[in-house]
Amino acid sequence: MKTAYPAVKLYDAENAGRGDSISKEVRGNFLSKTGLVIGRSFGPLFAIVIILGAMLWGPWVSLAMVLVALLTAFKVV
Amino acid sequence: MSATVGGLEGSEAPAANRRRIFAHPQDFHCVIFHIACLVAYACAFWLYKHPALVGIHGLWSRGAFVLAAASALGWISGIDVGVNFHNHSHLRIFRSAFLNRWFARFWTFSAAWPSFFWEYTHTIHHARLLGDDDWTLPKQNADGTFEQLQRYVLAHWPWRYVVHLRRELILRRSMRGKALREFGIFVALWSIPFWIDPIMAIWLWVLPHWIANTWVTGSGMYVQHVGCVKKTAERPVSHSNVFLLKFFNLTMFNIGYHLEHHDNPKVHWSELPELHERLKQEMIDGGARVLPYAYYHASYLLAGDAGRRSRFGKQHADYLNTQ
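Protein chains in written order, with the numbering used here: chain B, 122 to 198; chain H, 2 to 324.
Here is the structure:
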């Protein structure tokens, strides 16, 4: 039996056709644009703080921060 | 004095440069995210090799550092590939095909995936969504419900993926050459931390990748489609769940707008909130499941007992169909 496989070109997938005219522009001034970049990179920046922060407060505090973040995420995010 | 580059003033110059390199103005954010992830790994490796700097004086303190770093790295790697690279697989972020190909290879290796394999898997997911042959999602029980969340995340990556990808890529003559070439490039990149220190690689490379693919991406895949049905004319908006928490969508490239994404895979991730507003009434009328929280709380609820699981489907107050 032959199986039909989808082409491995996901970026050619069609839209339902309702999002074609949405604006691409980033709204806001320099501060809000910078805030958006930092906000979107919250995860890796938080990880860098956890890892490098261990130089200041030691590994146990970093571990505690991770546990608190996890518990908070499970409850509210 | 205003700085000018190529006739453009101040902040317009870098913006113009970005437009020349990136396909969409906000794709720049995807690159920043990925580079920050690689920096986080580099910091963890460096401190592992210099234990005195972080107060590691024995097995227990080393264990605390490894657990903290591996959890944080696993979490961000799951997002970096499961969400961030996912955006690239739908809409290439660079204008250059060469950059797209090579950046992708240097992207997914940091979550233990060859980029080609990940894209193939995601193509299957979109093309066969919730069908009997959609092997990317949890197995379904006889009544159509998903298998238990914990079972899915622990059984799926890498075990079920290996079986399917071997069958559909490695053993297929038309795919084998490209699949093996991409796998070879992946192995060369993924093995780098092992050359530095094999023990370190197990704790700060393999362990984060396991966390990323099982608990982060796996639970994400689960909650996106749990309780959903295959798209039909009668139920066109019941194939995916929508998660509206703003903080989550800000930090997760708007992946919460999942119904909109599946119906419009070529709409850029940054434009999904606006698309959502346009489709809001259609979703309410069609009975789409729209939830006020996000993936982490959803996973917490679905991983619990029957009482906790029953709290999962509570509809967002603004999306109740009162008719």
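Glycine included, every Cβ here is placed at the ideal spot set by N, Cα and C.
Query, Result
"Contact between the stretch 204 to 220 of chain H and the stretch 267 to 279 of chain H (3+ Cβ pairs under 8 angstroms)", "no"
"Buried or exposed (CB count within 10 angstroms, at least 16 for buried), residue 124 of chain H", "buried"
"C-alpha distance - residue 169 of chain H paired with residue 70 of chain H, whole-angstrom precision", "35 angstroms"
"Residue 151 of chain H - containing alpha helix (DSSP H), residue span", "150 to 156"
"Below-8 angstroms beta-carbon distance, residue 57 of chain H vs any chain B residue", "yes"
"Near-chain H residues of the stretch 153 to 184 of chain B - C-beta to any C-beta below 8 angstroms", "157, 158, 160, 161, 162, 163, 164, 165, 166, 167, 168, 169, 171, 172, 173, 175, 176, 179, 180, 181, 183 and 184"
"Residue of H:88, H:226 and H:252 minimising C-alpha distance to residue 273 of chain B", "Not covered by the structure: residue 273 of chain B. The range shown for chain B is 122 to 198."
"Residues bridged to residue 225 of chain H (per DSSP)", "Its beta-bridge partners do not exist; DSSP assigns none."
"Short CB-CB distance (under 8 angstroms) between residue 48 of chain H and chain B", "yes"
"Residue range of the alpha helix (DSSP H) that includes residue 187 of chain H", "174 to 191"
"Residue 159 of chain H versus residue 113 of chain H - alpha carbon distance", "10 angstroms"
"Residue of H:226, H:107 and H:167 minimising C-alpha distance to residue 121 of chain H", "H:167"
"Coarse secondary structure for residue 189 of chain B, derived from DSSP in three states", "helix"
"Supposed contact pair residue 295 of chain H and residue 254 of chain H - C-beta distance, whole angstroms, cut 8 angstroms", "So it is not a contact: roughly 13 angstroms between Cβ atoms."
"Residue 45 of chain H, enclosing alpha helix (DSSP H) - first and last residue", "28 to 50"
"For residue 141 of chain H, three-class secondary structure by DSSP", "strand"
"Per-residue burial, residue 3 of chain H [other beta carbons within 10 Å of its own, 16 or more giving buried]", "Low confidence applies here, because residue 3 of chain H scores a pLDDT of 37, under 50, leaving its location unreliable and the question unanswered by this model."
"Beta-carbon proximity of residue 239 of chain H to residue 289 of chain H, cut-off 8 angstroms", "yes"
"Any chain H beta carbon closer than 8 angstroms to residue 189 of chain B", "no"
"Straight-line Cα distance separating residue 188 of chain H from residue 106 of chain H", "11 angstroms"
"Proximity test, Cβ basis, 8 angstroms: residue 315 of chain H and chain B", "no"
"Secondary structure, beta strand (DSSP E): runs of 3+ residues fully inside the stretch 256 to 308 of chain H", "none"
"Cβ neighbours of residue 171 of chain B in the same chain (closer than 8 angstroms, five flanking residues each side left out)", "183, 186 and 187"
"Anticipated Cβ contact below 8 angstroms, residue 186 of chain H with residue 180 of chain H, distance rounded", "Wrong, their Cβ atoms sit about 11 angstroms apart, outside the cutoff."
"Neighbourhood of residue 34 of chain H by C-beta distance below 6 angstroms, restricted to the same chain and skipping five residues each side", "85"
"Limits of the unbroken alpha helix (DSSP H) element including residue 251 of chain H", "247 to 252"
"Amino acids of chain B, ordered along the chain, whose beta-carbon sits closer than 8 angstroms to that of residue 212 of chain H", "Those do not exist, as residue 212 of chain H stays about 11 angstroms from chain B at its closest Cβ, beyond 8 angstroms."
"Runs of alpha helix (DSSP H) wholly within the stretch 70 to 99 of chain H (minimum 4 residues, chain order)", "87 to 91"
"Interface residues of chain B facing residue 40 of chain H [CB-CB closer than 8 angstroms]", "165 and 169"
"Contacts that residue 107 of chain H makes with chain A (C-beta to C-beta distance below 8 angstroms)", "Among the protein chains in the structure shown, which are B and H, there is no chain A."
"Where residue 313 of chain H falls: helix, strand or coil (DSSP)", "coil"
"Segment contact flag, the stretch 193 to 210 of chain H with the stretch 124 to 139 of chain H, C-beta cutoff 8 angstroms, min 3 pairs", "no"
"Limits of the alpha helix (DSSP H) - the one that residue 121 of chain H falls within", "116 to 128"
"Simplified DSSP state of residue 252 of chain B, which is helix, strand or coil", "The structure shown does not extend to residue 252 of chain B, since chain B spans only 122 to 198, so no value can be given for it."
"Nonlocal neighbours in the same chain, by C-beta distance under 7 angstroms from residue 157 of chain H, ignoring five residues either side", "219"
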